[in-house]
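Below is one structure; the comments refer to it alone.
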Amino acid sequence: AKSCGRARHRLFGPGMIEQLAARTLTERHMRADFGTRAFHPHYQPIVDLASGRIVGFEMLARWTRADGTMIEPNRFIPIIEECGLIDLLMLHLLEQVCIDAKHWPADLTIAINVSPVQFRDGGLSDKILAVLARQGFPARRINVEITENALISDPAAAERIVNVLRCHGVSLALDDFGTGYSSIQHLRMLPFDKLKIDRSFVGNIDTDDDANRMVAAIIGLAKSLGLKVVAEGVESASVRDRLCELGCHEAQGYFLGVPMDARQTGSKLSHTLLV
Ligand code: C2E
Ligand code: CA
Ligand code: CA
Ligand code: CA
């Protein structure tokens with residue numbers, strides 16, 4: 017029995033049984049809450065650096081359980097992906113985005129995140145467009161953010177999906193730029209409108225010369241390709257100012273605005289527009 021226990025321990029590795037149990041529990045809770053308002057959008061402002069004005073929001077998924085606990089997207093998105101429910105989650109959230117953003121100024125765009133696994137299904141573009149049509153929401157107000165991983169398994173399939181979306185006016189951003197594999201090549205593969213510089217590059221440009229030069233080079237590259245550049249993870253005035261000097265178009269980060277629910281977003285907007 018002793019050796020059996022040891023063998024089992026070796027087979028699963030330390031802590032793996034506990035991890036598996038936690039994963040199973042999370043999946044059960046997820047399925048119980050799925051399709052309800054427990055999954056809801058938060059919105060983080062994206063700011064035009066030259067004017068300081070909010071030009072749009074990134075929608076970030078939130079899961080609030082009945083007991084009030086909030087679970088982070090990095091913990092629940094992978095499970096939802098594995099269960100094959102990520103398209104349904106996105107459509108559920110997009111529906112809510114249309115309802116929320118209808119009341120906001122019509123020039124604001126909303127960015128949504130699309131997982132690489134969603135590009136395995138050629139029906140993605142039709143599903144997105146169907147929600148927009150049903151809600152009467154203009155496609156040009158939607159910006160789809162994808163990471164480079166979406167391009168790896170089947171670039172041709174990704175291209176077809178993206179072309180249909182762009183044809184209808186949806187714009188396209190390359191997310192987390194610089195963290196993926198062979199980034200520069202990927203920039204040429206799809207008709208991107210926007211490039212989002214990952215926050216791991218942005219965080220310390222005010223104090224680190226190398227980081228500063230790196231971000232300057234990325235901004236130069238993006239501009240030479242005619243792309244709009246957005247810096248992520250701006251947590252201080254000094255980083256914001258540095259990005260301004262470097263000619264970065266837009267920025268996002270806790271210093272400029274944290275993710276908020278729809279109600280808070282609406283009241284922030286009405287406040288901003290009044291002053
Ligand atoms: P992301 O697309 O890179 O989103 C930005 C993340 O950075 C968000 O985390 C946001 O809250 C956080 N963030 C914003 N400003 C700052 C800052 O100044 N400092 C720091 N340290 N962090 C900042 P969040 O909301 O936890 O989302 C994490 C990731 O989960 C997202 O990364 C995205 O990849 C994924 N995700 C979120 N919502 C969705 C969704 O609806 N669908 C899919 N497929 N993925 C989603
Ligand atoms: Ca994103
Ligand atoms: Ca990002
Ligand atoms: Ca990220």
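Each number in the working numbering corresponds to the 1-based position in the sequence shown with 16 added. Note that beta-carbon positions come from the ideal geometry of N, C-alpha and C, so glycine has one too.
Using a Cβ-Cβ distance cut-off of 8 angstroms, the stretch 270-277 and the stretch 237-246 are not in contact, since fewer than three pairs of beta carbons, one from each stretch, lie closer than that value.
No residue range can be given for Pro154, since it is assigned to no beta strand (DSSP E) and is classified by DSSP as neither H nor E. A residue is listed when its beta-carbon falls short of 6 angstroms from at least one non-hydrogen atom of ligand 2; in chain order these are Glu74, Asn129, Glu161, Asp191. Membership of Val71 in any alpha helix (DSSP H) is not indicated; the residue belongs instead to the beta strand (DSSP E) covering 70-80. Sequence-distant Cβ neighbours of Met46 in its own chain, meaning closer than 7 angstroms and more than five residues away, are Phe92, Ile95, Ile96. Val178 is the residue among Val178, Leu109, Thr163 whose C-alpha sits nearest the C-alpha of Gly139. Within the DSSP bridge table, the entry for Gln60 names Glu74 as partners.
Following the DSSP letters along the chain, one finds Val113 in no beta strand (DSSP E) but inside the alpha helix (DSSP H) bounded by residues 102-117.
Around the CB of Cys183, fewer than 16 other CB atoms lie within 10 Å, so the residue is classed as exposed.
For Glu43, the enclosing alpha helix (DSSP H) has its first and last residue at 32-49. DSSP places Ser240 in the uninterrupted alpha helix (DSSP H) bounded by 225-240.
By the neighbour-count criterion, in which a residue is buried when 16 or more other Cβ atoms sit within 10 angstroms of its Cβ, Ile213 is buried.
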